[in-house]
Amino acid sequence: MSQLLFGGQIQPLQSGLELQEALVVGDSGRIEGVGSISEMESLAGSETRRIDLDGATVLPGLIDTHPHVLHFGARERAVLDITDCRNHQEIVDRIRDEASRRPPGEWIITTPIGEPHYFVRRSYSDLREQELPDRHVLDQATSDHPVHIEAWAPRTPNVCAFNTAGLRRCGLTDTLPDQVCEVRFDRASDGSLTGVLRGAVNNYYCFDPFWVQVRSHLPSPAEWELHDATVEEIATYNARGVTTIFEGHNMSPTHIQAYVDLQRAGRLTVRVQCAMEVEGFAYPPWQPLTLDEYKVNLGIAARLKNEIGTDADMLRMSGVSFGQAGPCWPGAIRMLEPYKGPYGEETTGMTFLSPEKLSAFVEACLSHGMQANFVTSGYRDHEDVLNELARYPKEQIVKAVKDNNWLIQHAILITDEYAKAYAEYGFKLTTCMGFSAAKGDLYGERIGQWVWEDQVPLQRLLRAGLVVGLGTDWGPKNPWENLVLAQTHEFWGSGYRNDGPDHAVDRRQALAMWTRDAARTLAWEGLGS
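For the sequence shown, position 41 matches number 41 in the numbering used here, and the numbering has no gaps at all.
What follows is the structure in structure tokens.
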């Protein structure tokens, strides 16, 4: 049934359109018009349902261009949630209750304590005891199940905990030295392990060889349930006003197939656009693909794109993603000059994918008509991408960018020169305010405060001529908080506001990055305005 909405503020995002009095939604669910009440009454039929907004504001549905809905939804539902626990007793009670429903010997894995995924505003240090429970405390919950309180990326160094059964299952005994690689063991006064481990102990984006071996004893992400978990997570996004998402990072064929399954079952309540990660390295253990294997994956992506298509109403696949590096916290961001790594060492970052793979990636996108998504973080990423593109006639790249909507993702650090170079090719760009809010102080400490000039400079990107869409990624997961952060560029830890002329945008610009311009980054017509 068609609907007439009136009695509030209708806020379209089309250029030149200000607040309107009413709008009409047709039987198909598409907006048929906005304007004055009298104009919309003329457009509405006699059977149209009339809805008085009672002063509320109507906005276009929000578009999250980097949510990891499937990944985070599946991960969070594969473990026991203790994020909100306030003390050790609450942790013990929750684990004991979970153990009563599990067969003896089965792992009980929990979330960390605090606010995912950065744990800057709240963490285990905010427990009443100001520390994680050790194995003796966790043993009070169960001695029949191995228990592990996870440490989640990206914070590095980090801290996690096992109960006694968990230590034994992983082969961690008192005979170990105090430190193996970058993993350190807390010990009691008698020299025994307490079950608390520190350092390189994250669940992913952790490349420590010892910890990778320890994690081989724990349940794998391959065991995650992807369908019901994703539907439940989608519902949380719907509740925040999100109607479209772009899943373009760390998406394997299995992940994309889960969305295909949900679409066929009629279970999607957001529009989804996907891009396949040709080679992911976030989840340990990572075995590099040979160049031939990498090219096979490019072929798989081309086939999937053709099968799923780029113009359906609820599910589309646009292309492939390429990223060479990881976050700053574990020392993986690729910089031109050395910076301080997580353990005080000097590093210029980590390179996971070879130049030959970058060349194969670009060539495949050109030959198969696929969208190329370049996941960039530091300056070396931009240098490599732009140098690779410069090997081709400029007009060839410009045409491919336009025809297949090539994107830059993340762009945590980006100079004016890089932004203008991408704009000349016609790229669009997606980024996230958490890269500033949660990581600003970290970048200042590890790299130097000079780098803040280039950290998520939204206004600079707009001046360069780039269309920019925003997303949530690691958080904050509330889009409306992200809208505020786009205007303030406040760092959570120190409260410093990096809101100079290259950074802060106004409220309407921020809203456009979640609606009209986000739709443009996806080349999805009819959305966002």
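All residues carry an ideal CB built from backbone N, CA and C; glycine is no exception.
_Length-filtered (4 minimum) alpha helix (DSSP H) runs lying within the stretch 174-240_ = Runs of the alpha helix (DSSP H) inside the stretch 174-240: 209-215 and 227-239.
*Ends of the alpha helix (DSSP H) at Val398?*
Boundaries of the alpha helix (DSSP H) around Val398: Lys394 to Asn404.
*In three-state terms, what does DSSP make of Arg30?*
Arg30 carries a coil assignment under DSSP once its states are collapsed to helix, strand and coil.
*Taking the alpha-carbon positions, what's the Trp329 to Ile37 distance?*
CA-to-CA, the gap between Trp329 and Ile37 works out to about 53 Å.
*Where does the unbroken alpha helix (DSSP H) through Phe352 begin, and where does it stop?*
Segment: none, Phe352 is in no alpha helix (DSSP H) and carries neither H nor E.
*Between the C-alpha atoms of Thr110 and Thr230, what's the straight-line distance to the nearest angstrom?*
Those two C-alpha atoms are separated by around 19 Å.
*asked:* Could you check whether Ala364 and Gly299 sit closer than 9 Å to each other, using their CB atoms as the reference points?
replied: Yes, these two residues count as a Cβ contact at 9 Å.
*For Gly266, which three-state DSSP category applies?*
The three-state reading of DSSP puts Gly266 in coil, since its state is none of H, G, I, E or B.
*Within its chain, find whatever has a CB closer than 6 Å to the CB of Asn405; leave out the 5 residues flanking it on each side and keep chain order.*
Contacts found: Gln371 and Ala523.
*Which residues share a DSSP beta bridge with Gln3?*
Answer by DSSP bridge pairing, in chain order: Val25 and Arg49.
*Out of Gln487, Arg101 and Asp64, point me to the one whose CA is closest to Val242's CA.*
The shortest C-alpha separation from Val242 is found at Asp64.
*Any idea which residues DSSP pairs Gln140 with across the strands?*
BP columns for Gln140 are empty, so no partner.
*asked:* Please classify Gly73 as buried or exposed, where buried requires at least 16 other C-beta atoms within 10 Å of its C-beta.
replied: For Gly73, the number of other beta carbons within 10 angstroms of its own is at least 16, and it is reported as buried.
*With C-beta atoms as the reference, is Leu19 less than 9 Å away from Leu53?*
Result no, Cβ atoms of Leu19 and Leu53 do not sit closer than 9 Å.
*Sorted by chain position, which residues of the same chain lie with C-beta nearer than 6 Å to Thr472's C-beta, five sequence neighbours on each side aside?*
Within the same chain, Thr472 has close Cβ partners Asp64 and Pro67.
*asked:* Using only the alpha-carbon positions, how far apart do Arg169 and Ile108 sit?
replied: Rounded to the nearest whole angstrom, the CA to CA distance from Arg169 to Ile108 is 12 Å.
*Give me the Cα-Cα distance between Lys340 and Asp454, rounded to the nearest whole angstrom.*
Taking the straight line from one Cα to the other gives about 18 Å.
*Got a sec, what are the start and stop residues for the alpha helix (DSSP H) Gln273 sits in?*
That residue, Gln273, is in no alpha helix (DSSP H); its beta strand (DSSP E) goes Arg271 to Glu277.
_I need the boundaries of the alpha helix (DSSP H) containing Val444, first residue and last residue._
Note that residue 444 is Gly in the sequence shown here, rather than Val. Note, Gly444: alpha helix (DSSP H), Gly440 to Arg446.
*Buried/exposed call for Arg303, threshold 16 Cβ in 10 Å*: Counting C-beta atoms within 10 angstroms of its own C-beta, Arg303 has fewer than 16 neighbours from the protein chains shown and is therefore classed as exposed.
*asked:* Could you tell me the alpha carbon to alpha carbon distance between Arg77 and Pro284, rounded to whole angstroms?
replied: Their backbone Cα atoms lie some 20 Å apart in a straight line.
*asked:* Spatial neighbours of Ile412 within its chain, please: C-beta separation below 6 Å, excluding the five flanking residues on both sides.
replied: Contacts found: Ser377 and Phe435.
*Could you give the uninterrupted runs of the alpha helix (DSSP H) lying entirely in the stretch 454-512, keeping only those of 4 residues or more?*
With a minimum length of 4 residues, the continuous alpha helix (DSSP H) runs that stay inside the stretch 454-512 are 458-463, 479-488 and 507-512.
*Beta-carbon proximity of Trp474 to Ala518, cut-off 9 Å*: No, the Cβ-Cβ distance between Trp474 and Ala518 is not below 9 Å.
*Cβ neighbour criterion (16 or more within 10 Å) applied to Glu265*: The sequence as given places Ala at residue 265; Glu does not occur at that position. Exposed.
*Excluding the 5 residues preceding and the 5 following Asp499 in the sequence, name in chain order all residues of the same chain whose CB lies nearer than 7 Å to its CB.*
Only Thr488 and His489 meet the Cβ criterion.
*Output the boundary residues of the beta strand (DSSP E) element that contains Phe119.*
Phe119 -> no beta strand (DSSP E), and no H or E assigned at all.
*asked:* Taking the alpha helix (DSSP H) that Val436 belongs to, which residues open and close that run?
replied: Note that residue 436 is Ser in the sequence shown here, rather than Val. Per DSSP, Ser436 belongs to the alpha helix (DSSP H) from Gly434 to Ala437.
*Pairwise C-alpha distance: Glu307 and Leu386*: Approximately 31 Å between the Cα atoms of the pair.
*Starting from Asn250, trace the alpha helix (DSSP H) both ways and give me its first and last residue.*
Looking at the DSSP string, Asn250 is not in any alpha helix (DSSP H), and its letter there is neither H nor E.
*Report yes if the C-beta distance between Ala504 and Gln459 is below 9 Å; otherwise report no.*
In contact: Ala504 and Gln459 (Cβ atoms closer than 9 Å).
*Provide the residue span of the alpha helix (DSSP H) that contains Arg169, from first to last.*
It spans Thr164 to Arg169 - the alpha helix (DSSP H) in which Arg169 sits, taken as one unbroken run.
_Among Arg121, Gln130 and His117, whose alpha-carbon lies nearest the alpha-carbon of Arg86?_
Among Arg121, Gln130 and His117, the Cα nearest to that of Arg86 is on Gln130.
*Which runs of the beta strand (DSSP E) spanning at least 3 residues fall entirely within the stretch 46-87, listed in chain order?*
Considered as a whole, the stretch 46-87 harbours 49-52 and 62-64 as its complete beta strand (DSSP E) runs of no fewer than 3 residues, in chain order.
_Inter-residue spacing [alpha-carbon to alpha-carbon] between Leu59 and Gly7_ = About 14 Å.
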